[in-house]
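**Q**
Numbering (full-length UniProt numbering), first residue to last: 1 to 119.
1. Looking at the ligand HEM, does it come within less than 7 Å of residue 67, judged from the CB to the closest heavy atom?
2. Which class does residue 38 belong to by DSSP, given the choice of helix, strand or coil?
3. Out of 117, 114, 11, point me to the one whose CA is closest to residue 57's CA.
4. Could you say which of 42, 86, 47 lies nearest to residue 30 if we only look at CA atoms?
5. Apart from the five residues on each side of it in sequence, which residues of its chain come closer than 6 Å, Cβ to Cβ, to residue 73?
6. Can you tell me whether residue 60 is buried or exposed? The criterion is at least 16 other CB atoms within 10 Å of its CB, across all chains shown.
7. On the DSSP letters alone, give me the boundaries of the beta strand (DSSP E) that residue 85 sits inside.
8. Just to confirm the assignment, what range does the alpha helix (DSSP H) spanning residue 32 have?
9. Here's a check: name, in chain order, each residue in its chain whose Cβ is nearer than 8 Å to the Cβ of residue 65, leaving out the five neighbours to either side.
10. To the nearest whole angstrom, what separates the beta carbons of residue 107 and residue 75, a pair I think is in contact under 8 Å?
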């Protein structure tokens with residue numbers, strides 16, 4: 001029932017800032033196969049930096065500290081008409097202001113986007 005679903009739902013809202021340096025590759029291979037390279041549609045290697053702030057709202061209290069993580073990632077980005085997809089995966093080194101730190105062996109990200117402007 002609805003009350004059970006709402007009671008068991010966990011969520012957290014936090015400030016998050018992500019910075020990446022991308023190195024895209026396989027543009028020529030995609031063009032040879034007549035695939036689009038629009039919007040940097042290609043595979044990439046990247047160095048990711050992620051800053052996570054304190055909890056703004058939510059019912060999850062696992063870590064109330066500011067945290068930073070950094071690590072290499074591999075991924076791909078595709079743009080098809082007004083839709084954009086980005087997937088990346090890689091290890092990150094995590095640390096916070098209390099001295100807690102560790103490696104997270106698999107950190108993945110999936111972004112799905114829709115472009116509102118028409119060209």
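A virtual CB, placed ideally from N, CA and C, is assigned to each residue, including glycine.
These numbers come from a predicted model, not from an experiment.
**A** For this structure:
1. In the structure on display, the ligand HEM does not appear, and there are no ligands present to speak of.
2. Residue 38 sits at position 38 when you count from the first residue of the chain shown. In the structure shown, residue 38 falls within a coil segment according to DSSP collapsed to helix, strand and coil.
3. Position 57 of the chain shown holds residue 57. Checked all of 117, 114, 11; the closest Cα to residue 57 is 11.
4. Residue mapping note: residue 30 aligns to position 30 of the chain shown, counting from 1. Minimum Cα distance to residue 30 is reached at 42.
5. Locating residue 73 in the chain shown gives position 73, where the first residue counts as 1. 46, 48, 88, 90.
6. Along the chain shown, one-based indexing puts residue 60 at 60. Counting Cβ neighbours within 10 Å, residue 60 comes out exposed, since fewer than 16 surround it.
7. By 1-based counting over the chain shown, the position of residue 85 is 85. Per DSSP, the continuous beta strand (DSSP E) segment holding residue 85 begins and ends at 83–96.
8. As a first step, residue 32 is located in the chain shown; it is residue number 32 there, counting from the start. For residue 32, the enclosing alpha helix (DSSP H) begins and ends at 27–32.
9. Locating residue 65 in the chain shown gives position 65, where the first residue counts as 1. Residues 54, 96, 97, 98, 100 of the same chain have their beta carbon placed closer than 8 Å to that of residue 65, with the five preceding and five following residues left out of the count.
10. The residue you call residue 107 lines up with position 107 of the chain shown. The residue you call residue 75 lines up with position 75 of the chain shown. With a Cβ gap of about 11 Å, residue 107 and residue 75 do not count as contacting.
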